[in-house]
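Structure first, commentary second.
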Amino acid sequence: MRYYFTKIVNGGFEVIENKIVALLKNEGFGVLTYIDMQRTLKEKLNVEFKKYKILGACNPPFALKALEAEDKIGTILPCNIIIQEHELNTIEVSAINPLVSMQAVNNDRLKKVAQEVSSKLENVINNLEDEK
Numbered sequence: 141m142r143y144y145f146t147k148i149v150n151g152g153f154e155v156i157e158n159k160i161v162a163l164l165k166n167e168g169f170g171v172l173t174y175i176d177m178q179r180t181l182k183e184k185l186n187v188e189f190k191k192y193k194i195l196g197a198c199n200p201p202f203a204l205k206a207l208e209a210e211d212k213i214g215t216i217l218p219c220n221i222i223i224q225e226h227e228l229n230t231i232e233v234s235a236i237n238p239l240v241s242m243q244a245v246n247n248d249r250l251k252k253v254a255q256e257v258s259s260k261l262e263n264v265i266n267n268l269e270d271e272k
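Note that the working numbering has the sequence shown beginning at 141, numbered continuously upward.
Structure below.
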């Protein structure tokens with residue numbers, strides 16, 4: 141089992157980013173953080189890098205369940221989704237698979253939450269379509 145779900149789609153970077161945010165919303169997630177790695181690497185290291193963003197997504201009811209089951213789980217929250225441009229209009233979107241990332245935590249209550257969140261994030265990736 142891979143630690144992420146992934147899909148390559150065709151379209152503009154910003155259009156695909158907006159689609160991902162909308163699909164996350166449909167699954168009950170909001171985006172808490174946006175990290176623009178291209179801009180950060182340019183500003184901090186003067187390095188040219190491809191378009192690459194990390195979205196920190198959170199589903200509050202599941203986050204609460206996870207925190208109640210395991211108080212240190214915040215070290216791996218929120219759920220990260222990355223959007224990267226391999227070529228112009230060729231965009232790969234990947235999301236963490238919480239079932240894999242939380243395996244190290246031996247907690248049955250947490251496993252149930254991880255299964256539900258994994259299913260929702262996999263739906264987001266599977267429902268992503270090319271720009272029309």
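Using N, Cα and C, we set each Cβ at its ideal position, and we do this for glycine too.
As the structure is a prediction and not an experimental result, all values here were calculated from the model.
What's the gap between the Cα of lysine 191 and the Cα of glutamate 227?
Taking the sequence shown and counting its residues from 1, one reaches residue 191 at position 51. Taking the sequence shown and counting its residues from 1, one reaches residue 227 at position 87. In a straight line, the C-alpha of lysine 191 is about 10 Å away from that of glutamate 227.
Best match in Ala244, Ile223 and Leu195 for proximity to isoleucine 213 [C-alpha to C-alpha]
The residue labelled residue 213 in the question sits at position 73 within the sequence shown. When each option's Cα is compared against that of isoleucine 213, the closest is Ala244.
Less than 8 Å between the beta carbons of isoleucine 194 and asparagine 158, yes or no?
Counted from its first residue, the sequence shown places residue 194 at position 54. Counted from its first residue, the sequence shown places residue 158 at position 18. Going by C-beta atoms, isoleucine 194 is not nearer than 8 Å to asparagine 158.
CB-CB length for valine 257 against phenylalanine 202, believed under 8 Å
The residue given as residue 257 occupies position 117 in the sequence shown. The residue given as residue 202 occupies position 62 in the sequence shown. Confirmed, about 5 Å.
Per DSSP, glycine 170 is paired with what?
Here residue 170 refers to the residue found at position 30 of the sequence shown. Answer by DSSP bridge pairing, in chain order: Cys198.
Give me, in chain order, the residues of the same chain whose beta-carbon lies closer than 8 Å to that of lysine 182; leave out the 5 immediate sequence neighbours on both sides.
Mapped onto the sequence shown, residue 182 falls at position 42. Once the five neighbours on either side are set aside, the close Cβ partners of lysine 182 are Glu188 and Phe189.
Using only CA atoms, which one of Met177, Leu217, Asn166 and Phe153 lies nearest to alanine 254?
Indexing the sequence shown from 1 puts residue 254 at position 114. That would be Leu217, whose Cα lies nearest to the Cα of alanine 254.
Three-state secondary structure (DSSP) of lysine 205
Taking the first residue of the sequence shown as 1, we reach residue 205 at position 65. Lysine 205: helix per DSSP, three-state reduction.
Would you report the Cα separation of asparagine 229 and glycine 151, rounded to the nearest angstrom?
The residue you call residue 229 lines up with position 89 of the sequence shown. The residue you call residue 151 lines up with position 11 of the sequence shown. Cα to Cα, the separation comes out at about 5 Å.
Mapping DSSP to helix, strand and coil, what is phenylalanine 153?
Residue numbering aside, residue 153 sits at position 13 when the sequence shown is read from its first letter. DSSP places phenylalanine 153 in helix when its eight states are reduced to three.
Just to confirm my understanding: we take isoleucine 156, look at its own chain, exclude 5 residues before and 5 after, and list those with CB closer than 8 Å. What are they?
Within the sequence shown, residue 156 is the residue found at index 16, counting from 1. Counting only Cβ-Cβ distances below 8 Å, and skipping sequence neighbours, we find Val149, Ile223, Ile231, Val233, Leu268 and Glu271.
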